[in-house]
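The sequence shown begins at 1 in the working numbering and counts up by one. Glycine residues also receive a C-beta, built at the ideal position from the N, C-alpha and C atoms. As the structure is a prediction and not an experimental result, all values here were calculated from the model. Structure first, then comments.
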Amino acid sequence: MYPNLLAPLLVVLGLALAALAVVAVRQPVSRRLASRQLARRPTEAVLVIGGSVLGTAIIVGALVVGDTLNFSVRQDAYRSLGPVDERVVAPPGPAGRAVAERLGALARNPDVDGVLTARVTQASAVSRPGGRPAAEPRVLAWQMDFTDASRFGARHGDPGLGGRPPLQDQVVLNEPLARSLRVSAGDTVTLYLFGTPRTFRVDRVVPEQGLAGVGLGGRMNRDAFLAPGTLEAAARAAGAEPRSVTFVSNRGGVEGGDALTAKVGADIRRALGPFAGQAAVETPKHTVLREADQAGDSLGALFLMIGSFSIIAGALLLVNIFVMLGEERKPQMGMVRAVGMKRAHLVGSFTLEGTSYALLSVLPGVAIGVGVGWAVAVVAAEIFRGWSVGGSSIRIAFDVTPTSVLNGAAMGLLIAFAAILATSVRISRFNIIAAIRDLPTTPAERPRRLLLVVSTALAALCALAAVPAVARSQPDGTYLMPALALAFAAPLLMRLLPRQTATTLIAGAVLAWTLLAPVVRPGIFDAPSMSVYVIQGALAAFSAVVLVSTNQQTVLRPVRRFLDRPSEAGLAARLAIAYPLAKRFRTGATLVMYTLIVFVLVLLTEISGILNAGVDGVVADATAGYSLRLDYNPQTARDRLPAGLRDGSHGADIAAVTPLLNATGRADDPGRRTAQPFDAAVVGVPDGAVTGITFRERLAGLDDDPAVWRALADDPRYVVIDGFFGSTGGPAGDYYDPGDTLTLTDPRTGRSERKTIAGVLSNGMVFYPGTGSSSTVYPVVTGERSIRELFGAQAQNASALVRTRPGASPDVLASGLQGEHLSASLVATPIASDIRRQFDSSTAFFRLMQGFLALGLLVGITGLGVVMVRAVRERRRTIGILRALGFRARTVQRSFLWESAFITVEGIALGTLLGVLTTWLMYGNSAAFEGLTGGFPIEWTSIATLAAATFAASLLATFGPARRAAAIRPALAVRTTD
Numbered sequence: 001m002y003p004n005l006l007a008p009l010l011v012v013l014g015l016a017l018a019a020l021a022v023v024a025v026r027q028p029v030s031r032r033l034a035s036r037q038l039a040r041r042p043t044e045a046v047l048v049i050g051g052s053v054l055g056t057a058i059i060v061g062a063l064v065v066g067d068t069l070n071f072s073v074r075q076d077a078y079r080s081l082g083p084v085d086e087r088v089v090a091p092p093g094p095a096g097r098a099v100a101e102r103l104g105a106l107a108r109n110p111d112v113d114g115v116l117t118a119r120v121t122q123a124s125a126v127s128r129p130g131g132r133p134a135a136e137p138r139v140l141a142w143q144m145d146f147t148d149a150s151r152f153g154a155r156h157g158d159p160g161l162g163g164r165p166p167l168q169d170q171v172v173l174n175e176p177l178a179r180s181l182r183v184s185a186g187d188t189v190t191l192y193l194f195g196t197p198r199t200f201r202v203d204r205v206v207p208e209q210g211l212a213g214v215g216l217g218g219r220m221n222r223d224a225f226l227a228p229g230t231l232e233a234a235a236r237a238a239g240a241e242p243r244s245v246t247f248v249s250n251r252g253g254v255e256g257g258d259a260l261t262a263k264v265g266a267d268i269r270r271a272l273g274p275f276a277g278q279a280a281v282e283t284p285k286h287t288v289l290r291e292a293d294q295a296g297d298s299l300g301a302l303f304l305m306i307g308s309f310s311i312i313a314g315a316l317l318l319v320n321i322f323v324m325l326g327e328e329r330k331p332q333m334g335m336v337r338a339v340g341m342k343r344a345h346l347v348g349s350f351t352l353e354g355t356s357y358a359l360l361s362v363l364p365g366v367a368i369g370v371g372v373g374w375a376v377a378v379v380a381a382e383i384f385r386g387w388s389v390g391g392s393s394i395r396i397a398f399d400v401t402p403t404s405v406l407n408g409a410a411m412g413l414l415i416a417f418a419a420i421l422a423t424s425v426r427i428s429r430f431n432i433i434a435a436i437r438d439l440p441t442t443p444a445e446r447p448r449r450l451l452l453v454v455s456t457a458l459a460a461l462c463a464l465a466a467v468p469a470v471a472r473s474q475p476d477g478t479y480l481m482p483a484l485a486l487a488f489a490a491p492l493l494m495r496l497l498p499r500q501t502a503t504t505l506i507a508g509a510v511l512a513w514t515l516l517a518p519v520v521r522p523g524i525f526d527a528p529s530m531s532v533y534v535i536q537g538a539l540a541a542f543s544a545v546v547l548v549s550t551n552q553q554t555v556l557r558p559v560r561r562f563l564d565r566p567s568e569a570g571l572a573a574r575l576a577i578a579y580p581l582a583k584r585f586r587t588g589a590t591l592v593m594y595t596l597i598v599f600v601l602v603l604l605t606e607i608s609g610i611l612n613a614g615v616d617g618v619v620a621d622a623t624a625g626y627s628l629r630l631d632y633n634p635q636t637a638r639d640r641l642p643a644g645l646r647d648g649s650h651g652a653d654i655a656a657v658t659p660l661l662n663a664t665g666r667a668d669d670p671g672r673r674t675a676q677p678f679d680a681a682v683v684g685v686p687d688g689a690v691t692g693i694t695f696r697e698r699l700a701g702l703d704d705d706p707a708v709w710r711a712l713a714d715d716p717r718y719v720v721i722d723g724f725f726g727s728t729g730g731p732a733g734d735y736y737d738p739g740d741t742l743t744l745t746d747p748r749t750g751r752s753e754r755k756t757i758a759g760v761l762s763n764g765m766v767f768y769p770g771t772g773s774s775s776t777v778y779p780v781v782t783g784e785r786s787i788r789e790l791f792g793a794q795a796q797n798a799s800a801l802v803r804t805r806p807g808a809s810p811d812v813l814a815s816g817l818q819g820e821h822l823s824a825s826l827v828a829t830p831i832a833s834d835i836r837r838q839f840d841s842s843t844a845f846f847r848l849m850q851g852f853l854a855l856g857l858l859v860g861i862t863g864l865g866v867v868m869v870r871a872v873r874e875r876r877r878t879i880g881i882l883r884a885l886g887f888r889a890r891t892v893q894r895s896f897l898w899e900s901a902f903i904t905v906e907g908i909a910l911g912t913l914l915g916v917l918t919t920w921l922m923y924g925n926s927a928a929f930e931g932l933t934g935g936f937p938i939e940w941t942s943i944a945t946l947a948a949a950t951f952a953a954s955l956l957a958t959f960g961p962a963r964r965a966a967a968i969r970p971a972l973a974v975r976t977t978d
């Protein structure tokens, strides 16, 4: 993923490592100090390496997820296209034959590796394996020359189809169709060709690859290949004619030929001449490869966004470890500074030591990250199957690229290097005498004059930059600029107010703005980026922790009576909170780790709960009383099928049938996100037939939902779309409004019309194709007159909506209708069941993201364990003195466990409160939640389970250090420092 980042990352990393090499060569004392510390404290080395490993693993895992999705989508190019780069679909009849003849001349084009013309029709199939019927209504019956097919494409390439052609009573099936019918070579199948059944024996089953998986736009194509003349004979007997499809292969391999798509496409249109307006020139491979990049980038960015919180936690773990190491080595550092070592050399020593740890963490971090990516791919494969439409979902196949591995390793190293360098600079600034005597650091009363001037200037600049950002509702700037302005104003406020008061005001203001920004400027979620969620979460967590850490005495006031009790428990409790209050930075860093991760986990839990609570409302909006969507072959069904449904054997269960006109078109993006046109499933609704389907937004002057449908019937300029038009994944936004326009094009004729959006549907599920006929297709709904005027004869009755009578089961009726009308290739989709299944898959996807984020929780728990391990070493002498004064071992152990519990409970409470509050504010202001009318539930059970598991794991991580603290021998601890 992100090949464009590889060179810059490697350059920056190379410069950083080169600078460290120079330090190592020019500062031998710093180098020796760093190497001695590496060998002296192997336990500390393991802890620091562990923190770096987790950070690198999270980054690599997110990038591998993107690689996997990119690769999985690209496999569609191999399965359903192979050497096919362009596809020209011509109408039946003389025009189709003329198109095929004209395109034959392309074989002499130096940019073309092959031209192959085939005949195709939509069919259905039935078999009886083991005496039990198996039916498949989604079949493409092909007739093509096997000899020409074997030579199609690049020389020595694999076109996917070849060998001997089947005989007249034989058929060759591809694997998806054979699997659906449960047949193999030698079995018999019945194909319904143009509505007439004919029995064939299966000659062989071929892998779904290249021409053997080819289709007209679907991810999975169930193909049957017939003997020469068979399809044409069936068409003549039925008084029909199959469609003509010409495949063109560009020079180059499966992916290499895509570079010539634009040039060969232009050559095809020139070759068609006067027939260009009667044939659709499609570039399916270019579309698939573009979708692969979009899907991989989108999902990879989503997991990288989720992982960002864990990465921040990992960086804080490194900071915490080095701050503790610095405090432990303070007397040593004071002495080396007293004998003449410069501060820069001390920073170099720490940085060399930390970078050595980070370099040792690269290989295990990459290995764990690849493993995490594989685990996500395994779970995601099941989830994507749940989103499947007719088996057409993305088939997940694990993949990892060297680019992602290098990017992840470089990012992990640079983040670790930056955290270590910043911490080294911080801990190197100390008073030498105070460090030698191991006195506590006291903050300066007043900021330095230079710091005051620079920070005030930066605050003013950020405040100025915040004005246009907030005015335009620019997502990142709206959150970040006001927060930075307040942070940079801290030195000035500390000149005017006490430190605690100034810190409280700044942290409170940042937290309030972070929470209220969506209320004040709801437009920030109209076009969300992944970064805005990271900024929002980080600002909320950091400001809340600073606010609480600064006012811990106030926070603890309700339990003060318990702390002051003259008992062993009260003594242990006072010890438990004394150190966290004394070491605010250390405690705050650990609190931020917990708060960040719990915040996001609760956020995901609440979003999942909102989706589940709103499913009934979504089903009601989507169906508007309809129970089934029917898709069928218009050539076979014609207009008779919708009218005859109520007269069939299942007519008693059908209350109403609304036929829909369908055409394949292209539309530009009304949200102006891309210049690439989208594939559109254009739907023409009968006048006054679907007035119950609702809208979330309507054009001004259209006062209610029926008024929008009347406008579509009366004025062909109007269309309606849903909120996911043009969506390629990631957070939903609000990119267009009623009144915006789009250009709708008939790809066969090239004719275009400008349309105005009259409304945005609350839910457009019923208008999406139910056969998996296209991988990324968005419905554009208009009136019957409008679709006929633009698309002419291409607008055919190919689908219908069905209302069932009370008591009738949509699922049972769907199975019955498919069996009764198998000859028409009818596919019946129970709308409510389909929506609920997709909601279940969405919930599972949120669970997957929560599992990925659990790595961050592991970082937080590890961080707490590190703090407690270091605390035992740091307090060894103090513990010995307490034990010598009569403190029991049980009291020492209890104080350590309660200290861990105190930090954990605060982190969980802050994260939970922020997560629930943020989700509630987003629910009321974000376009992503429009149409979900189930209310805002608080998932008490899930949150309580999360909190309990986190608390238990934290105590478990502290149990070992607490036992070691209790086992310290007073005499040895008082006499020795180690």
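Suppose you measure from the CA of residue 374 to the CA of residue 383; what does that come to, to the nearest Å?
Near 14 Å, if we compare the C-alpha coordinates of residue 383 and residue 374.
Using the Cα positions of residue 824 and residue 661, report the straight-line distance between them to the nearest angstrom.
If you take the alpha carbons of residue 824 and residue 661, they lie about 16 Å apart.
Pick helix, strand or coil for residue 845, following the three-state DSSP scheme.
Residue state, collapsed to three classes: helix.
Over the uninterrupted alpha helix (DSSP H) stretch that includes residue 822, give me the two end residues.
Element bounds for residue 822: n/a, residue is neither H nor E.
Go ahead and pull the three-state DSSP assignment for residue 285.
Residue state, collapsed to three classes: helix.
Can you look up residue 402 in the DSSP assignment and give me helix, strand or coil?
Looking at residue 402 - three-state DSSP - the assignment turns out to be helix.
Residues bridged to residue 780 by DSSP?
Paired residue(s): 682.
How many Å lie between residue 514 and residue 675 at the Cα?
Going from the Cα of residue 514 to the Cα of residue 675 covers about 34 Å.
Excluding the 5 residues flanking residue 705 on each side, which residues of the same chain have their C-beta closer than 6 Å to its C-beta?
Correct list, in chain order: 694, 695.
For the region 531-540 and the region 506-521, state whether three or more C-beta atom pairs, one from each stretch, are separated by less than 8 Å.
Yes, they touch.
At what residue ranges does the region 11-48 contain a whole run of the alpha helix (DSSP H), taking only runs of 4 or more?
Fully enclosed alpha helix (DSSP H) runs of 4 or longer: 28-40.
What is the DSSP secondary structure of residue 221, counted as helix, strand or coil?
Residue 221 falls in the coil class under three-state DSSP.
Nearest-angstrom Cα distance between residue 182 and residue 622?
For residue 182 and residue 622, the distance between alpha carbons rounds to 34 Å.
Under 8 Å: do the region 918-927 and the region 591-606 share three or more Cβ pairs, one atom per stretch?
Yes: at least three Cβ pairs fall under 8 Å.
Work out the CA separation of residue 426 and residue 414 for me, nearest whole Å.
So the alpha carbons of these two residues sit roughly 18 Å apart.
From what residue to what residue does the beta strand (DSSP E) around residue 101 run?
Not the beta strand (DSSP E): residue 101 falls in the alpha helix (DSSP H), residues 94-103.
So what does DSSP say about residue 389, is it helix, strand or coil?
Residue placement at residue 389 is flagged as unreliable, the pLDDT there being 48, under the threshold of 50; the coordinate-derived value follows with that caveat. In the structure shown, residue 389 sits in coil (DSSP, three-state: anything other than H, G, I, E or B).
Quick one, which of 787, 561, 655 has its alpha-carbon nearest residue 982's?
Examination of residue 982 is not possible in this model, given that the chain is present from 1 through 978 alone.
Residue 1014 by DSSP, collapsed to three states: which one?
Residue 1014 is absent from the model: the chain starts at 1 and stops at 978.
Have a look at residue 871 and residue 327 and give me their C-alpha separation to the nearest angstrom.
Answer to the nearest angstrom: the Cα atoms are 11 Å apart.
Between 865, 210, 180, 175, which has its C-alpha nearest residue 162's C-alpha?
When each option's Cα is compared against that of residue 162, the closest is 210.
Does residue 342 come out as helix, strand or coil in the three-state DSSP assignment?
DSSP places residue 342 in coil when its eight states are reduced to three.
With the cut-off set at 8 Å, would you say residue 754 and residue 743 are in Cβ contact?
Yes, Cβ-Cβ distance for residue 754 and residue 743 is below 8 Å.
Are the C-beta atoms of residue 448 and some chain B residue less than 8 Å apart?
Reference to chain B is not applicable here, since this structure consists of a single protein chain.
At the level of alpha carbons, what is the spacing between residue 180 and residue 958?
About 55 Å.
Round the Cβ separation of residue 938 and residue 876 to the nearest angstrom and send it over; I've been treating them as touching at under 8 Å.
45 Å between Cβ atoms; not a contact.
Using a threshold of 8 Å, state whether the C-beta atoms of residue 176 and residue 109 are closer than that.
It is not a contact, given that the beta carbons lie outside the stated cut-off.
How about the region 198-218 and the region 64-82: do they share at least three Cβ pairs that are nearer than 8 Å?
Short answer: they touch.
Which class does residue 773 belong to by DSSP, given the choice of helix, strand or coil?
Low per-residue confidence applies at residue 773: pLDDT is 46, beneath 50, and the placement is therefore not dependable enough to give any value.
Rounded C-beta distance between residue 360 and residue 59? I'm assuming under 8 Å.
About 17 Å; that fails the 8 Å criterion.
Bridge partners for residue 583 per DSSP, in chain order?
Looking at the DSSP assignment, residue 583 forms no beta bridge with any residue, so it has no partner.
Quick check on DSSP: helix, strand or coil for residue 7?
Note: residue 7 maps to helix in three-state DSSP.
Quick one: what's got a C-beta closer than 6 Å to residue 883's C-beta in the same chain, skipping five residues either side?
Result list for residue 883: 970, in chain order.
With a 10 Å radius around its C-beta and 16 neighbouring C-beta atoms as the bar for buried, classify residue 500 as buried or exposed.
Exposed, since its Cβ has fewer than 16 Cβ neighbours within 10 Å.
Could you tell me the boundaries of the alpha helix (DSSP H) in which residue 925 lies?
Counting along the chain, the alpha helix (DSSP H) containing residue 925 begins and ends at 889-925.
CA-CA distance, residue 189 and residue 128?
Between residue 189 and residue 128, the C-alpha separation is close to 8 Å.
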